[in-house]
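Engineer: First residue of the sequence shown: 280, per this note's numbering; consecutive thereafter. Glycine residues also receive a C-beta, built at the ideal position from the N, C-alpha and C atoms. Every value quoted in this text rests on a predicted model; they were computed, and no experiment measured them. Here it is, the structure in full.
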Amino acid sequence: MLTLNLLKKELEMSRLQQKIGKEVEEKVNKQHRKFMLMEQLRVIKKELGLEKDDKEAMNDKFRTRLKDLVIPPNVKTVIDEELERLNVLEKHSAEFNICTNYLDWLTSLPWGKISEEKTDLHHAQEVLDEDHHGMEDIKKRILEFIAVSHLKKSTHGKILCFHGPPGVGKTSVAKSIARALNRE
C-alpha cells in the first residue's frame, strides 16, 4: 500500500514536470521564433533601404545636431569617440543607453552660441519679482551677484550653488537668472 502511494506521487510529479517542461519549451520556442522573424524583418527592410538600423538612425540624429554647432576640438574628439563606441555596443545593453544619454546631453548643449549678457539690475529685479514671490534673501543675493558681475565686467569664475529638497524652486530660480541675464 505504501509503495503504491509512493508510485502514484512519483507518477504525479513526473506528469507535472513534463507539463511544466512542455510549457517552458513552447514559450522558449515562441520567443525564439518571434526573435528570428523580427531579425529577418529588420534585415529585409535594411536590404530594401526602407528602414535604417537603430544605431545608424541615432548616429545620424547626433551628427545632424552637430552640423551647425561650433564645438571645441577636445569636445569634438570626445563626441567622435562616443559615436564610435555607440556603433560597437549592442543596442540592448545598459552601456548603450548610457552612451546615448551622454551623446544626447552633449549634442543638446548650445556650443558656440553666445548671447550678449544683460547686467541691468532693474530688469533683473523685475524678472525675479515677476517669477518668484517672497524669497527676498535669495533675490537679494542674486542681485548682489549681478551687481558685482556688472562692476567687474565679467562673470567668469563665479558660481551660485543652490541646495535644498526637491520642489523648492532651485531650477525656476536658475531659469529666472538666465532670463534676467539674457542667457540661453
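Taking a contact to mean a Cβ-Cβ separation below 8 Å, would you say Leu407 touches Ser455 in this structure?
Structural biologist: The count along the sequence shown starts at 1 and reaches residue 407 at position 128. The count along the sequence shown starts at 1 and reaches residue 455 at position 176. Result yes, Cβ atoms of Leu407 and Ser455 sit closer than 8 Å.
Engineer: In its own chain, which residues sit with a C-beta less than 7 Å from the C-beta of Lys334, not counting the 5 before and 5 after it?
Structural biologist: Counted from its first residue, the sequence shown places residue 334 at position 55. Here the set comprises Leu365, Asn366 and Lys370.
Engineer: Can you tell me whether Ile358 is buried or exposed, with buried defined as 16 or more other CB within 10 angstroms of its CB?
Structural biologist: The sequence position of residue 358 within the sequence shown is 79, counting from 1. Flag for Ile358 reads buried.
Engineer: Could you tell me the alpha carbon to alpha carbon distance between Lys324 and His401, rounded to whole angstroms?
Structural biologist: For this step, residue 324 is matched to residue 45 along the sequence shown. For this step, residue 401 is matched to residue 122 along the sequence shown. Roughly 60 Å between the two C-alpha positions.
Engineer: Measure the C-alpha to C-alpha separation of Lys432 and Leu348 and round it to an integer number of angstroms.
Structural biologist: Here residue 432 is taken as the residue at index 153 of the sequence shown, counted from 1. Here residue 348 is taken as the residue at index 69 of the sequence shown, counted from 1. Roughly 27 Å between the two C-alpha positions.
Engineer: Which same chain residues, not among the five before or five after Lys449, have their C-beta less than 7 Å away from its C-beta?
Structural biologist: Counting from 1 along the sequence shown, the entry for residue 449 is found at position 170. Here the set comprises Phe441 and Gly443.
Engineer: Within the same chain, show all residues whose beta-carbon is closer than 7 Å to that of Leu368, passing over the 5 residues directly before and after it, in chain order.
Structural biologist: Working through the sequence shown from its first residue, we reach residue 368 at position 89. Glu374, Phe375 and Cys378, listed in sequence order.
Engineer: Are the Cβ atoms of Thr398 and Ile425 separated by less than 8 Å?
Structural biologist: Here residue 398 refers to the residue found at position 119 of the sequence shown. Here residue 425 refers to the residue found at position 146 of the sequence shown. Yes, Cβ-Cβ distance for Thr398 and Ile425 is below 8 Å.
Engineer: Please name the residue in Pro352, Tyr381 and Asn461 whose C-alpha comes closest to that of Leu362.
Structural biologist: Here residue 362 is taken as the residue at index 83 of the sequence shown, counted from 1. Cα-wise, what sits closest to Leu362 is Tyr381.
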